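There are 2 protein chains.
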Amino acid sequence: MEQFDGYTYVEGGVCAAKGFRANGLNCGLNPDKEKKDLGMVVSDRVCSTAAVYTTNKVKGAPILVTKRHLKATGGKARAVIVNSKNANTCNADGEAKAERMAELAAAELGIPTDEVVVASTGVIGHILPIEPIEKHIRELTEGLSYDGNAKAAQAIMTTDTVQKEVAVSFRLGDVTCTLGGMAKGSGMIHPNMATTLNFVTTDVAISTELIQKALSEVTKITYNCLSIDGDTSTNDMVCVMANGMAGNTEIRTEQEDYACFKQALYIVMMNMTRMLAKDGEGATKLIECTVSEAGDLDTAITVAKSVIRSPLFKCAVFGEDANWGRILCAVGYAEAEFDIHKVDVDLASAKGVLPVCRSGSGKDFSEEFAKEVLSEDEIQVRISLHEGDVSATAWGCDLTYDYVRINGDYRS
Amino acid sequence: MEQFDGYTYVEGGVCAAKGFRANGLNCGLNPDKEKKDLGMVVSDRVCSTAAVYTTNKVKGAPILVTKRHLKATGGKARAVIVNSKNANTCNADGEAKAERMAELAAAELGIPTDEVVVASTGVIGHILPIEPIEKHIRELTEGLSYDGNAKAAQAIMTTDTVQKEVAVSFRLGDVTCTLGGMAKGSGMIHPNMATTLNFVTTDVAISTELIQKALSEVTKITYNCLSIDGDTSTNDMVCVMANGMAGNTEIRTEQEDYACFKQALYIVMMNMTRMLAKDGEGATKLIECTVSEAGDLDTAITVAKSVIRSPLFKCAVFGEDANWGRILCAVGYAEAEFDIHKVDVDLASAKGVLPVCRSGSGKDFSEEFAKEVLSEDEIQVRISLHEGDVSATAWGCDLTYDYVRINGDYRS
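Listed in order, the protein sequences are those of chains A and B. First residue of the first sequence? That's 22 in my numbering, and the numbers climb one at a time after it. First residue of the second sequence? That's 22 in my numbering, and the numbers climb one at a time after it.
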């Protein structure tokens, strides 16, 4: 993991910050009893809560319910209930079922229903059976613990092959604060927003307005720069909850403390974004594309995302083939303004740096060294536009036989 | 093939219309001597010529040269020279080489260099060796014949598995006219424009202005509604040449004759588009998505293309899995305005019609019948937006193991 001055990686995921308990179990939505399918995260105190959602017109019922709840409370929440295996989307009874999940959680926790965030992930268009959740809600809440983060992280996995958690601690004045998160997502991942389910918790005290602002800004340069397959999901959500239990003076202005907090959020979200890319469905390699010397941020992001998304380039990376023409092709069809004749491209990995293109034309290189560079499981594409001084990174993965296998028969 | 009143399918591809000769041979760009890599089409008389090109910022050198030629002549041309195996793109000497190809053809044919259209397809960023072309140009021109269309169609194939030719004859007044074409393309195919190399010839007499207008309009609803993999190529071109040898009164206004001509162009281009989709790299199934009852044409096209492009849905079709939620997901992220709660979706094939979604929500269906419908090799997705009366169709194919295999090591 990349190191950042003043920030220390710690264990604990969504339970790393003070006052957050979590749990996860199998309630029977997933017939495989070994696989958890129902999770919960609860704060000891009510939290300033921000969320960003999918831009898909088809929005999962849980998204609609969560939006309504956060609006009703003015951005306050105490708990998250989430299931995998069924997206509860495109069902006539979807909202009633999502609302019922919130009610079940609220009743057990003794909190208002509006303070519950609801999320679902899995197959679209299958009726969500509510009985398994009703039957296991007590077990779920009774099992909540301050080190239950791994169980919750497992409960949101679908085709994910690894659980995804990151947390950092840092100082605000003389107070130690912590911010951690968990994420799921493997296929149907593409900008824009938010491309997966992500829950971040922190003990920082911060106003609802500023937590939403920080989340929106960090999402733009992390999750929204991630593409596994170009499909924008219907159920994507990133939710950040801040309970203030660290004891810092509440952040109410965009001063130094806000910048420190935002950097912590960036570190956690950027690392989760990388994990999501690396665990893309069927992926064998992480592709990280950095566009530098762009005239503005949107251009840098657009070009980086275009490369990450190209199926042809993704296949070439899988085949460890330095087919840089496909990179330049994807740079060329990015919808942004720049001079293609100034573009330089390098491929890089732990094995070294391979310049493949200068000023828009090919550069001779050793195929042997190219193979070596591409044999690594983390591949970097470095593109310079020579137009300005702005950079952005996008994350993706290779396109493999296994992506086709996994998605050729996902429902069964 | 779909039948159209007043139009008869005929043999002959680019040689079907009067006065067009063609040829193709292996000049050595392709080390496999069985595979043709150099082709030519020549008209007995100078032609009104229209072309549309890739929108990629990276444009193959042949595109730049062809544009210059057609500008210099005011839209007149007599010959096409085209090679496969090497795209002559992103090379410092690209334009000089493309110009040299035109000069070689012009010298042998005894016509001005500006009357030659040049095209290349294949790997990007490899220097094009000109010697094989210089060495074989005489053999190529001496072998031109009025039934050489198949040889030319073969010479433009790259990863194509079948040659692609269509032609129709029709009446303008009491004159019989013919319009035919050939196409190549299998991967790196995605709107916008033109997604492949396509050459259309006709003996109709028509002004340069109107042939360009017809081509632009028909391209929008045929080639630009095709997506194999979402990668917009650098070398795409559709070129139509009309030599007037049928003897009709030249079409100079948008009257009935113009409509008849445009319909012929639509039939040939639509059929080639279908062929391209069906022969998409690694494809086992054609996917044809028709969006009807849209409020306007752009909405219908945008939604149809969004579905055709979804990797998740493409994998589901490969797996013969009626995962309609992925269709609705792709409808939902299409950048167009409509009410998702009014959307109906049917899947269909020669085996029957399967309604899967009504008013944005799932509909129960027999999985057994679904499997049967999806077992066919031409699958239709029928979407109704219930907003207006406009329809559009987009064409694509499934995403398979073979797509990954073919593109994992294309250069070797």
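Each residue gets a CB set at the ideal place from its N, CA and C atoms; glycine is no exception. Here the structure is a predicted model, which means the values were calculated and not measured.
Next on the checklist: For the beta strand (DSSP E) containing Ile102/A, name the first residue and the last one.
Outcome noted: Segment 97-104, the beta strand (DSSP E) holding Ile102/A.
Next on the checklist: So with CB distances below 7 Å, who are the chain B contacts of Asn428/A?
Outcome noted: Ordered by position in chain B, the residues that pass the 7 Å Cβ test against Asn428/A are Leu333, Cys336, Ala337.
Checklist entry - What does Ser141/B touch in chain A if you count any residue whose Cβ is under 9 Å from its own? => result Taking a Cβ-Cβ threshold of 9 Å, none of the residues of chain A is close to Ser141/B; the smallest such distance is about 13 Å.
Checklist entry - Val366/A: which of Phe191/B, Cys378/B, Gly146/B sits nearest, CA to CA? => result Of Phe191/B, Cys378/B, Gly146/B, the smallest CA-CA separation from Val366/A is found for Gly146/B.
Checklist entry - Ser237/B by DSSP, collapsed to three states: which one? => result Annotated three-state conformation of Ser237/B is helix, per DSSP.
Checklist entry - Is the region 32-42 of chain B close to the region 181-199 of chain B, with three or more CB pairs under 8 Å? => result Note that the region 32-42 of chain B touches the region 181-199 of chain B; at least 3 beta-carbon pairs, one per stretch, sit closer than 8 Å.
Next on the checklist: Once the 5 residues before and after Asn269/A are set aside, which same chain residues still bring their CB inside 8 Å of it?
Outcome noted: The beta carbon of Asn269/A sits closer than 8 Å to the beta carbons of Leu193, Gly194, Val196, Cys198, Val225, Ala226, Asp278 from its chain, once the five residues preceding and following it are set aside; these are given in chain order.
Item to check | From Gly143/A, Val187/A, Phe386/A, residue whose alpha carbon lies closest to that of Gly81/A | outcome: Residue Gly143/A is the option with its Cα nearest to Gly81/A.
Checklist entry - Three-state secondary structure (DSSP) at Gly346/A? => result In this structure, Gly346/A counts as helix in the three-state DSSP scheme.
Checklist entry - Should Gln184/B go down as buried or exposed, given a rule of 16 or more other Cβ atoms within 10 Å for buried? => result With 16 or more other Cβ atoms within 10 Å, it is buried.
Item to check | Coil, strand or helix - Asp135/A by DSSP | outcome: Of the three classes helix, strand and coil, the one that applies to Asp135/A here is helix, per DSSP.
Checklist entry - Cα separation between Gln284/A and Asn292/A? => result Note on geometry: alpha-carbon atoms of Gln284/A and Asn292/A lie some 12 Å from one another.
Next on the checklist: To the nearest angstrom, how far is the alpha carbon of Tyr28/B from that of Met296/B?
Outcome noted: Cα to Cα, Tyr28/B sits roughly 19 Å from Met296/B.
Checklist entry - Straight-line CA distance for Val31/B to Lys392/B? => result Note on geometry: alpha-carbon atoms of Val31/B and Lys392/B lie some 36 Å from one another.
Item to check | Beta-bridge pairing of Gly373/A - partner residues as DSSP gives them | outcome: Under DSSP, Gly373/A forms a beta bridge with Ser370/A.
Checklist entry - When DSSP labels each residue in this structure, what does Arg159/A get in the three-state scheme? => result It is helical.
Item to check | Under 7 Å (Cβ pairs) to chain A, residues found in the region 77-96 of chain B | outcome: Under the 7 Å Cβ criterion, the region 77-96 of chain B contributes Asn77, Lys78, Val79.
Item to check | Nearest residue (CA-CA) to Asn219/B, options Met258/B, Ala235/B, Ala188/B | outcome: When each option's Cα is compared against that of Asn219/B, the closest is Met258/B.
Next on the checklist: Looking at the secondary structure, which residues open and close the beta strand (DSSP E) in which Cys246/A lies?
Outcome noted: Premise fails: Cys246/A is in no beta strand (DSSP E) and is neither H nor E.
Next on the checklist: Using CA atoms only, rank isn't needed, just tell me which of Thr311/B, Val63/B, Ala267/B, Ala235/B is closest to Tyr287/B.
Outcome noted: Ranking Thr311/B, Val63/B, Ala267/B, Ala235/B by Cα distance to Tyr287/B puts Ala235/B first.
Item to check | 8 Å Cβ cutoff, Ala315/B in contact with chain A | outcome: Ala315/B does not count as touching chain A.
Checklist entry - Can you give the beta carbon distance from Val324/A to Val261/A, rounded, assuming they're within the 8 Å contact cut? => result The Cβ separation is near 28 Å, so there is no contact.
Item to check | Given Ile177/A as reference, the closest of Leu130/A, Thr223/A, Asn107/A, Glu160/A once Cα atoms are compared | outcome: Ranked by Cα distance from Ile177/A, the first of Leu130/A, Thr223/A, Asn107/A, Glu160/A is Asn107/A.
Item to check | Strand pairing of Ile9/B, partner residues [DSSP] | outcome: Given that chain B is displayed from residue 22 to residue 433, the structure contains no residue 9/B and the question cannot be resolved.
Checklist entry - Along chain B, which residues have their Cβ under 9 Å away from the Cβ of Asn112/A? => result Within 9 Å Cβ-Cβ: Ser382, Gly383.
Checklist entry - What is the DSSP secondary structure of Asp319/A, counted as helix, strand or coil? => result Per DSSP, reduced to three states, the secondary structure at Asp319/A is helical.
Next on the checklist: What residue range does the alpha helix (DSSP H) around Met293/A cover?
Outcome noted: 277-299 is the extent of the alpha helix (DSSP H) around Met293/A.
Next on the checklist: Using only CA atoms, which one of Ala369/B, Glu136/B, Asp300/B lies nearest to Lys88/B?
Outcome noted: The shortest C-alpha separation from Lys88/B is found at Glu136/B.
Item to check | Listed by chain order, chain B residues near Trp345/A by CB distance under 7 Å | outcome: Under a criterion of Cβ atoms nearer than 7 Å, the residues of chain B adjacent to Trp345/A are, in order, Gly146.
Checklist entry - Which residues in chain B sit within 9 Å of Thr311/A, going by Cβ to Cβ distance? => result Residues of chain B with a Cβ closer than 9 Å to the Cβ of Thr311/A do not exist; the shortest Cβ-Cβ separation is about 20 Å.
Checklist entry - Near Cys336/A, what residues of its chain come up, given a Cβ to Cβ distance below 6 Å and the 5 sequence neighbours on each side ignored? => result Shown here for Cys336/A: same chain residues with a beta carbon closer than 6 Å to its own, the five before and five after excluded, namely Leu420 in chain order.
Checklist entry - Would you report the Cα separation of Asn47/A and Arg426/A, rounded to the nearest angstrom? => result If you take the alpha carbons of Asn47/A and Arg426/A, they lie about 26 Å apart.
Checklist entry - What is the DSSP secondary structure of Gln175/A, reduced to helix, strand or coil? => result Three-state result, Gln175/A: helix.
Checklist entry - Okay, do the region 300-313 of chain B and the region 399-409 of chain B touch, 3+ Cβ pairs below 8 Å being the bar? => result Between the region 300-313 of chain B and the region 399-409 of chain B there are three or more C-beta pairs closer than 8 Å, enough to call the two in contact.
Checklist entry - How about Ile361/A: is its C-beta nearer than 8 Å to some C-beta of chain C? => result The structure shown contains no chain C; its protein chains are A and B.
Next on the checklist: I'd like to know whether the C-beta of Thr216/B is nearer than 8 Å to at least one C-beta of chain A.
Outcome noted: Residue confidence is low: Thr216/B scores 41 on pLDDT, short of 50, so the model does not pin down where it sits. Its coordinate-derived value is still stated next. Thr216/B does not count as touching chain A.
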